[in-house]
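Each remark here refers to the structure printed beneath this line.
Numbering (the numbering used here), first residue to last: 10 to 342.
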């Protein structure tokens, strides 16, 4: 069963069994050298409610009952390591294998922090972001002034090609790594600088006190492109619900319909009425589009406001179509 599109009530589906059918397998490995870590390992899935089934033995883990069309992070713990949130994992319609849930050694990150003159506190988190190009290769020479991270209070700092503190560096090195310290618990996401010369695409990621969050950010030269225009509900919006698996849950017999009251079975007029007419200003909010439930429910929230997330961030092309359609008045066109 697939879950992930903006649903009904504020608590819709939180207690419903997901019934997901997919499996994610992998190993917990060291952030610095990639070696498997097998001592004192525990693994949880962050961003799926209720939690899926997880089995772990040594470094290996198996996560079952994962919903299709979902994105989440793994929170891995191990002896001598900081609790570490993985880079985002995206599950579409097939099992995912070979996942490497990296954990950051406490002594390593403490050494890095000391080099930068920082004493991390237990109440806040650390975020390490790898800046990459379209091919996944590290991006050097990205100025710190162009990097904005929500909820951060200290950074960015940069790691050198060997992963050590690049003290005094004002831009990324050959490693592509940028680090923020003393980040507020909750979620974090990349923003855009006031005079942006680059576009940053990074999954919305969780942050917790005393933990490390790992993320990958694709950096593209140039400011963000404009929103889509003249978006058609029947031609561009309706197909999103099928492609993202929304109909498999928000149908006449799905938990999204039973608990959230959102039934997306039927033609364009039926679905339009469910989204726009049945709960005016709630599922679709033309005055403040970003607050529309059909946009907030598929996004990563902490604590989660939906069974799982579908969009990695607000730059997802489908999110932008939905946002533009609402901003243009949510027309039945």
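The beta carbon of each residue, even a glycine, is placed where N, CA and C say it ideally should be. No experiment lies behind these values; they were computed from the predicted model shown.
Would you grab the beta carbon distance between residue i and residue j for me? Rounded to a whole angstrom, and I think it's under 8 Å.
i, j, result
"residue 205", "residue 232", "5 Å"
"residue 316", "residue 83", "Incorrect: roughly 17 Å between the Cβ atoms, too far for contact."
"residue 207", "residue 151", "7 Å"
"residue 330", "residue 245", "6 Å"
"residue 181", "residue 169", "Actually they do not touch by this definition, with Cβ atoms about 10 Å apart."
"residue 197", "residue 136", "6 Å"
"residue 131", "residue 165", "22 Å between Cβ atoms; not a contact."
"residue 322", "residue 212", "6 Å"
"residue 72", "residue 54", "6 Å"
Any idea if residue i is buried or exposed, counting beta-carbon neighbours within 10 angstroms, 16 or more meaning buried?
i, result
"residue 140", "buried"
"residue 363", "Nothing about residue 363 can be read from this structure; the chain reaches only from 10 to 342."
"residue 78", "buried"
"residue 134", "buried"
"residue 35", "buried"
"residue 300", "exposed"
"residue 146", "exposed"
"residue 38", "buried"
"residue 45", "exposed"
"residue 21", "For residue 21, the predicted structure reports a pLDDT of 38, less than 50, and the residue's modelled location is therefore unreliable. A value from the coordinates is still provided. Label assigned to residue 21: buried."
"residue 273", "buried"
"residue 266", "buried"
"residue 17", "Per-residue confidence for residue 17 stands at a pLDDT of 40, beneath the threshold of 50, marking its modelled position as unreliable; the derived number appears in the next sentence. Burial call: buried."
"residue 49", "exposed"
Using the three-state DSSP reduction, which class does residue i fall into: helix, strand or coil?
i, result
"residue 310", "coil"
"residue 168", "strand"
"residue 133", "coil"
"residue 67", "coil"
"residue 152", "strand"
"residue 210", "strand"
"residue 235", "coil"
"residue 200", "strand"
"residue 245", "helix"
"residue 121", "helix"
"residue 104", "coil"
"residue 252", "helix"
"residue 240", "coil"
"residue 85", "strand"
"residue 284", "helix"
"residue 325", "coil"
"residue 320", "coil"
"residue 98", "strand"
"residue 55", "strand"
"residue 183", "coil"
"residue 271", "coil"
"residue 174", "strand"
List the DSSP bridge partners of residue i.
i, result
"residue 227", "141 and 210"
"residue 302", "Answer is none; residue 302 lacks a bridge partner."
"residue 111", "38"
"residue 91", "113"
"residue 75", "31"
"residue 195", "216"
"residue 188", "137 and 166"
"residue 62", "73"
"residue 221", "93 and 135"
"residue 293", "289"
"residue 80", "99 and 318"
Between residue i and the ligand SAM, is there a pair consisting of the residue's CB and a ligand heavy atom that are separated by less than 8 Å?
i, result
"residue 252", "You won't find the ligand SAM in this model; it holds no ligand whatsoever."
Across the region 107–114 and the region 228–242, are there enough close Cβ pairs to call them in contact, namely three or more that are closer than 8 Å? no
Should the region 117–126 be regarded as contacting the region 94–102, the criterion being three or more beta carbon pairs within less than 8 Å? no
If we count Cβ pairs, one from each stretch, closer than 8 Å, do we get three or more for the region 234–242 versus the region 143–160? no
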